[in-house]
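Peer 1: Numbering of the sequence shown is given in full-length UniProt numbering, commencing with residue 1 and proceeding in unit increments.
Glycine is no exception: its CB is placed at the ideal position from the N, C-alpha and C atoms.
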Amino acid sequence: MGSKEDDNSEGIHLEGINLASSKDTQLETDSDELFSLFIKEIDEENKPYQKVNRNGFKKIDEISKYIQNGEFQVNGDSKYLDTSKVLINTDSLGSADEEILRLTSRVFVNSFEILKLPVNSSYEAIRRQYRKLSLLIHPDKCSHKSAREAFDILNRGYEELQKSESRLKYKQVWKQAEEIVLRERKKQMKLMRKKQRKGLISREEIEMEEQSKSTNELQKEIIDMCEKILKEYEEKREYSERCKAANEQFERQRLEEIHNEEKRRCIQRKLWSASMDERVGNWREYKRAVEKGTIKLDTFKGVKLSRQG
């Protein structure tokens with residue numbers, strides 16, 4: 001591969017761009033820039049390709065596969081290269097308008113769904129998909145009126161998925177959904193075999209049913225189940241928050257009633273204390289009047305009973 005003939009027959013492909021197969025001088029220059037960019041933007045701490053250079057091609061096949069599999073993407077702000085030359089694989093994404101409409105037309109309870117990824121996706125897959133979507137709908141590059149809103153939704157989802165506890169929560173949901181789907185499939189197949197023993201369906205129908213359940217369909221069922229579980233969690237969370245808010249409001253009202261009652265009693269005590277001198281004075285005047293005979297006191301006389309003949 002070190003010969004000129006090998007350079008003309010094989011080369012690195014960065015999403016459809018050949019880095020070493022053309023004799024054209026300009027393309028060779030672009031190839032050098034692309035290769036330098038590739039080496040620069042690979043994570044040198046975690047990737048085994050950091051020692052590969054332009055003159056050493058012993059790992060050229062691995063690097064080519066690494067790029068073609070989508071495990072390397074070009075940063076949009078790269079200073080080494082005009083990134084308009086690099087084609088990013090966006091097969092799983094729609095157009096900018098379609099993605100903006102998808103992001104702004106509903107409320108997401110699953111941040112993985114914002115990025116159109118399964119819940120068991122790795123952090124690297126999350127990062128790559130975010131880069132693709134952000135380049136596609138960025139308001140500086142897209143003139144759609146809702147581009148800013150969609151971009152904000154995308155950023156919020158990505159920020160949540162950057163937290164390891166959030167990814168762990170979603171992966172636990174994925175595991176739960178997978179168990180439910182597989183259990184339901186097992187029940188369904190058991191029921192079909194029971195019908196087959198009774199002669200209600202043929203063995204071919206069972207085989208066709210088993211073949212129709214492809215891996216993609218299984219994953220779609222699991223994703224749908226994840227969405228259902230997350231919605232149930234969200235409903236329970238909202239119900240819990242409503243109960244908590246109602247309890248807090250009831251407690252506030254109860255404390256307010258206690259406070260108002262204590263305030264009323266405090267006012268009564270103050271009024272009673274303020275009128276004490278007046279009451280004492282009135283009592284003394286009354287006693288003096290009795291002593292002087294100004295006021296005549298009559299003793300209580302009981303009711304006299306008489307016998308009626």
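For LYS132, count the other beta carbons within 10 Å of its own beta carbon; 16 or more makes it buried, fewer makes it exposed. Which is it?
Peer 2: Within the sequence shown, residue 132 is the residue found at index 132, counting from 1. Buried, because 16 or more other Cβ atoms sit within 10 Å of the Cβ of LYS132.
Peer 1: Using beta carbons (cut-off 7 Å, strictly below), is SER122 in contact with chain C?
Peer 2: Of the protein chains in this structure there is only one, and it is not chain C.
Peer 1: On the CB-based measure, 16 or more other CB atoms within 10 Å of its CB, does ILE267 come out buried or exposed?
Peer 2: Within the sequence shown, numbered from 1, the residue matching residue 267 stands at position 267. Classification for ILE267: exposed.
Peer 1: Which same chain residues end up closer than 8 Å to LYS304 when comparing Cβ atoms and leaving out the 5 residues on each side of it in sequence?
Peer 2: Position 304 of the sequence shown, counted from the first residue, corresponds to residue 304. Nothing listed; no residue qualifies.
Peer 1: Beta carbon of ILE153: closer than 6 Å to some heavy atom of the ligand ADP?
Peer 2: Questions concerning the ligand ADP fall outside what the structure shown contains, since it holds no ligand whatsoever.
Peer 1: With DSSP run on the structure shown, which of helix, strand or coil describes ASN247?
Peer 2: In the sequence shown, the residue the question calls residue 247 occupies position 247. Helix, per DSSP.
Peer 1: Three Cβ pairs or more, each shorter than 8 Å: is that satisfied between the segment 132–151 and the segment 198–208?
Peer 2: Verdict: no, contact absent.
Peer 1: Is the Cβ-Cβ distance between ILE137 and ILE100 less than 7 Å?
Peer 2: Working through the sequence shown from its first residue, we reach residue 137 at position 137. Working through the sequence shown from its first residue, we reach residue 100 at position 100. Cβ atoms of ILE137 and ILE100: closer than 7 Å.
Peer 1: Please identify the residue among SER275, ASP140, ASN155, ILE223 whose C-alpha is closest to the C-alpha of GLN176.
Peer 2: What you label residue 176 is simply residue 176 of the sequence shown in a count that begins at 1. Measuring from the Cα of GLN176, the nearest candidate turns out to be ILE223.
Peer 1: At 4 residues or longer, and completely inside the segment 172–241: list those alpha helix (DSSP H) runs for me, N to C.
Peer 2: List check, alpha helix (DSSP H) in window: 203–212.
Peer 1: Jot down the residue ranges of each uninterrupted alpha helix (DSSP H) in the segment 101–159, minimum 4 residues, whole runs only, in chain order.
Peer 2: Fully enclosed alpha helix (DSSP H) runs of 4 or longer: 111–114, 123–137.
Peer 1: ILE39 by DSSP, collapsed to three states: which one?
Peer 2: Numbered from 1 along the sequence shown, position 39 holds the residue referred to as residue 39. Low local confidence applies: a pLDDT of 49 at ILE39 is under 50, so the model's placement there is unreliable, with the coordinate-based value given in what follows. Of the three classes helix, strand and coil, the one that applies to ILE39 here is helix, per DSSP.
Peer 1: Considering just the uninterrupted stretch of the alpha helix (DSSP H) at GLY281, what are its terminal residues?
Peer 2: Working through the sequence shown from its first residue, we reach residue 281 at position 281. Its alpha helix (DSSP H) spans residues 276–292.
Peer 1: Just verifying my parser: in three-state terms, what is the DSSP assignment at ARG167?
Peer 2: Your numbering for residue 167 matches position 167 in the sequence shown. It is helical.
Peer 1: Taking the alpha carbon of VAL119 as the reference point, which residue from GLU221, LEU103, GLU251 has its own alpha carbon closest?
Peer 2: The sequence position of residue 119 within the sequence shown is 119, counting from 1. Taking only the C-alpha atoms, the option nearest VAL119 is GLU221.
Peer 1: Alpha carbons only, please: which of SER134, SER122, GLU124 is nearest the one belonging to LEU103?
Peer 2: Within the sequence shown, numbered from 1, the residue matching residue 103 stands at position 103. Among SER134, SER122, GLU124, the Cα nearest to that of LEU103 belongs to SER134.
Peer 1: DSSP three-state call for LYS270: helix, strand or coil?
Peer 2: If you number the sequence shown from 1, residue 270 lands on position 270. Note: LYS270 maps to helix in three-state DSSP.
Peer 1: Spatial neighbours of SER111 within its chain, please: CB distance less than 6 Å, with the 5 preceding and 5 following residues excluded, ordered by chain position.
Peer 2: Taking the first residue of the sequence shown as 1, we reach residue 111 at position 111. Once the five neighbours on either side are set aside, the close Cβ partners of SER111 are GLY157, GLU160, LEU161.
Peer 1: Would you grab the beta carbon distance between LEU230 and VAL173 for me? Rounded to a whole angstrom, and I think it's under 8 Å.
Peer 2: The residue labelled residue 230 in the question sits at position 230 within the sequence shown. The residue labelled residue 173 in the question sits at position 173 within the sequence shown. Right, their Cβ atoms sit about 6 Å apart.
Peer 1: Would you mind giving the Cβ-Cβ distance between GLU257 and GLU113, rounded to the nearest angstrom? I have them listed as a contact below 8 Å.
Peer 2: Against the sequence shown, residue 257 aligns to sequence position 257. Against the sequence shown, residue 113 aligns to sequence position 113. Rounded, the Cβ-Cβ distance is 46 Å, inconsistent with contact.
Peer 1: According to DSSP, simplified to helix, strand and coil, what is LEU161?
Peer 2: Position 161 of the sequence shown, counting from 1, holds the residue named residue 161. Of the three classes helix, strand and coil, the one that applies to LEU161 here is helix, per DSSP.
Peer 1: Within 10 angstroms of its Cβ, does GLN188 collect 16 or more other Cβ (buried), or is it exposed?
Peer 2: Residue numbering aside, residue 188 sits at position 188 when the sequence shown is read from its first letter. GLN188 should be labelled exposed.
Peer 1: Between the C-alpha atoms of ARG128 and SER122, what's the straight-line distance to the nearest angstrom?
Peer 2: Here residue 128 refers to the residue found at position 128 of the sequence shown. Here residue 122 refers to the residue found at position 122 of the sequence shown. Roughly 10 Å separates the two Cα atoms.
Peer 1: Quick check on DSSP: helix, strand or coil for THR29?
Peer 2: For the purposes of this step, residue 29 is taken as the residue at position 29 of the sequence shown. At THR29 the pLDDT is 45, less than 50, meaning the model places this residue with poor confidence and gives no usable figure here.
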